[in-house]
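All remarks here apply to the structure that follows.
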Amino acid sequence: MDDVDFVAPPLDGQSASVRLDAPDDGWTVEPKPFVLRPGVLYHAFGYQGRGSNQVNTNDVSFSADSVAKLKPGLVLVQRYDERQSPSGWVDVVITQEEFDRQGQDPTDCQ
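Structural data, given as structure tokens:
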């Protein structure tokens, strides 16, 4: 398994986004360049701080195919779907506005 680190510039505490193919606005990536490979399932999460002061984000899994379906202003998340057989996590694309709203809703926080 290869690890890639995307390092954020100072953030405002709200939401943040980064282009995986061309990080800009102070974002950096190591090692460079990061290229999505077909057939590879990637897992990403964010965190800040260390130890008992560490804050984590929800994680997201994605592939080159799922990223290719995204357009500006859309966010890929996963939701648990009990209706599918077998039950499991499914990709859901939502707007940035909905993503921000859900992130501020205490019932959505874990």
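Letter by letter, the sequence shown follows residues 1 to 110 of the UniProt record's numbering. Backbone N, C-alpha and C fix where the C-beta goes; we use that ideal spot for every residue, glycine too. Please read all numbers here as calculations on a predicted model, not as lab measurements.
- prompt: Are SER66 and ASP91 touching if we call contact CB-CB under 9 Å?
  reply: Translated into the one-based positions of the sequence shown, residue 66 becomes position 66. Translated into the one-based positions of the sequence shown, residue 91 becomes position 91. Yes.
query: Measuring CB to CB, does LEU11 end up less than 9 Å from PHE34?
result: The count along the sequence shown starts at 1 and reaches residue 11 at position 11. The count along the sequence shown starts at 1 and reaches residue 34 at position 34. Cβ distance not < 9 Å, so LEU11 and PHE34 don't count as in contact.
field: CB-CB length for VAL48 against VAL75, believed under 8 Å
entry: Taking the sequence shown and counting its residues from 1, one reaches residue 48 at position 48. Taking the sequence shown and counting its residues from 1, one reaches residue 75 at position 75. The sequence shown places Gln at residue 48, not Val. With 8 Å as the limit, GLN48 and VAL75 do not qualify as a contact, their Cβ atoms being about 19 Å apart.
message: So for ALA44, helix, strand or coil by DSSP?
response: Translated into positions along the sequence shown, residue 44 becomes position 44. Looking at ALA44 - three-state DSSP - the assignment turns out to be strand.
task: Throw me the rounded Cβ distance for the GLN102 and TRP89 pair, which I believe falls under 8 Å.
output: The residue given as residue 102 occupies position 102 in the sequence shown. The residue given as residue 89 occupies position 89 in the sequence shown. That pair is no contact at about 16 Å.
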